[in-house]
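Using our numbering, the first residue of the sequence shown is number 21, and each one after it goes up by one.
Just so you know, even glycine gets a beta-carbon here, dropped at the ideal spot from N, CA and C.
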Amino acid sequence: MDDVPAHPAAARRTFLIGSLGLAGCASGFADAHERVGQDLPPQGQTGTSQSVMLSGADASGTHFVAIRACQYPDAGVTWLWCTVATPQGLFQFYSNRLPWQGPVLSPDDAGSAIYRAQTSEADAKFVRTGTLKAPQKAELSARFTAQGQGTRSGRRAQVSLLAEFEPLSGYAGLLTGRTEAFGHAKFVLNIAGKKIVFEGPSQFHEQTQTAARFVTPFIFSSLWSKDLFSTLLIAPPNGGGYVINEGRPSSISAPKAELTQTGSKFTFTEGSVERSIVLETRFAYQVPIYGALWQGRFVKGDVFGKTVVGMVNSWLL
């Protein structure tokens with residue numbers, strides 16, 4: 021998850037089930053640590069902000085993409101995080117102080133919305149068709165200059181991508197101001213002149229809030245398959261989530277997590293049944309924020325007998 025409100029209302033959950041779609045370069049820690057003090061707006065500052073993110077993978081967990089932008093119009097700042105993982109390595113760009121260039125925030129009932137983050141080293145454009153609570157399609161085009169972090173690539177690389185996302189089986193909202201759509205996406209990557217095409221389960225989210233971001237510690241998981249999707253949030257003292265399995269939703273309560281470098285274990289109650297899942301970390305990465313490190317993990321595992329891929333993110337936990 022990218023962020024949560026200062027006082028997350030994790031217990032408030034709504035489900036809309038059915039067809040929706042059918043209807044910085046990463047470098048050494050010393051460099052990163054030098055930049056985190058420049059993050060804008062200052063930590064704890066309130067004001068309207070709106071984030072958007074498209075994440076996806078192939079079913080085998082071999083390729084992952086996560087592109088996130090957050091605009092702070094009041095502060096005149098846009099954040100942009102780009103992460104691509106392939107067998108050739110991990111490629112990343114992040115900046116938490118790009119100049120905000122618009123467009124203005126779209127009303128919730130608008131039939132489309134555009135988000136744009138742009139600098140000389142990176143450019144990302146999200147276009148959502150359909151309303152905020154009933155998206156029909158999302159498209160993403162992005163390019164960035166990245167530092168390859170894999171064993172076979174330790175050099176800067178030019179990365180570009182095109183993505184088309186289609187919601188398939190459901191939409192769910194976990195937090196006030198946040199919408200999540202799950203489905204299928206197609207990706208066309210170009211890394212240092214090499215074209216990579218893949219498709220698989222994906223998630224698209226938008227979140228608007230006025231509370232200060234990144235002031236509340238949390239652990240967040242978002243898991244996807246062709247017909248099972250799940251979101252889980254731990255933000256002490258609150259926690260909750262849901263699973264949508266073949267179009268049927270069920271609530272998650274009392275979640276707990278054990279995170280290591282190689283894996284993530286979650287225990288929770290689904291309905292009245294005690295559950296546990298173990299997720300393998302396929303790729304791990306970090307983003308420095310306000311003097312600390314946001315931890316990102318691309319994962320693969322099993323939920324209710326179905327293979328899932330997705331993300332586990334943690335901040336100050």
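For residue i, the nearest candidate out of the options (CA to CA)
i    : options                   : result
F286 : K214, L125 and V323       : V323
K276 : W244, F249, F238 and I264 : F238
E219 : S250, L181 and S271       : L181
Q156 : T139, F202 and W99        : F202
M73  : P61, G109 and E159        : E159
S242 : F185, L313, G321 and S292 : G321
M331 : D78, L60 and D59          : D78
Q167 : L110, G64 and S140        : L110
F318 : L279, L336, S161 and G325 : L279
A274 : L337, K326 and L253       : L253
Q121 : F185, L60 and T98         : T98
Residue i and residue j closer than 9 angstroms at C-beta
i    : j    : result
G261 : L194 : yes
P123 : R136 : yes
L299 : G283 : yes
Rounded separation between residue i and residue j - CA only
i    : j    : result
P256 : G213 : 45 angstroms
E266 : F113 : 35 angstroms
A232 : Y92  : 11 angstroms
G96  : T199 : 24 angstroms
V179 : R302 : 20 angstroms
Q223 : S80  : 16 angstroms
R163 : A304 : 21 angstroms
K206 : F84  : 11 angstroms
G259 : S270 : 15 angstroms
E294 : G316 : 26 angstroms
S115 : A183 : 21 angstroms
T82  : S334 : 22 angstroms
S71  : D143 : 16 angstroms
G197 : K153 : 10 angstroms
V104 : V328 : 18 angstroms
H225 : C90  : 12 angstroms
N210 : G291 : 44 angstroms
Q108 : Q306 : 18 angstroms
T289 : T251 : 14 angstroms
P187 : Q65  : 34 angstroms
R88  : Q227 : 11 angstroms
T236 : P127 : 27 angstroms
D51  : P221 : Per-residue confidence for D51 stands at a pLDDT of 45, beneath the threshold of 50, marking its modelled position as unreliable; no derived number is given.
L125 : V263 : 30 angstroms
L313 : R117 : 16 angstroms
A86  : V208 : 13 angstroms
R268 : T106 : 33 angstroms
K326 : S245 : 8 angstroms
D94  : K215 : 39 angstroms
Q138 : Q63  : 22 angstroms
H204 : V217 : 14 angstroms
S296 : I272 : 11 angstroms
L60  : G67  : 12 angstroms
E141 : C102 : 11 angstroms
F185 : F249 : 15 angstroms
Q58  : L100 : 14 angstroms
T34  : L337 : Legend: pLDDT at T34 = 30, less than 50; position of this residue unreliable, value from coordinates given subsequently. If you take the alpha carbons of T34 and L337, they lie about 26 angstroms apart.
E134 : Q281 : In the sequence under discussion, the amino acid at residue 134 is Ile, which differs from the Glu named in the question. If you take the alpha carbons of I134 and Q281, they lie about 36 angstroms apart.
Cβ separation of residue i and residue j, assumed to be a contact under 8 angstroms, to the nearest whole Å
i    : j    : result
D247 : S189 : 6 angstroms
S69  : Q229 : 6 angstroms
C165 : R148 : Per the sequence shown, residue 165 should be read as Thr rather than Cys. About 26 angstroms separates the two Cβ atoms, so there is no contact after all.
F234 : I309 : 6 angstroms
S132 : K145 : In fact, because the Cβ distance is near 13 angstroms, the residues do not count as touching under 8 angstroms.
Which residues DSSP lists as bridging residue i, in chain order
i    : result
H204 : E186 and P221
T66  : None, per the DSSP bridge assignment.
G213 : Answer is none; G213 lacks a bridge partner.
S126 : Beta-bridge pairing links S126 to no other residue.
L152 : Paired residue(s): none; L152 is not in a bridge.
S161 : K145 and L182
R176 : Q167
T251 : S242 and Y262
P119 : V97
D322 : T327
Q227 : S71 and R198
V332 : S241 and R317
F113 : C102
CB contact check: residue i to chain B, cutoff 9 angstroms
i    : result
G203 : In summary, chain B is missing from the structure at hand, where a single protein chain is found.
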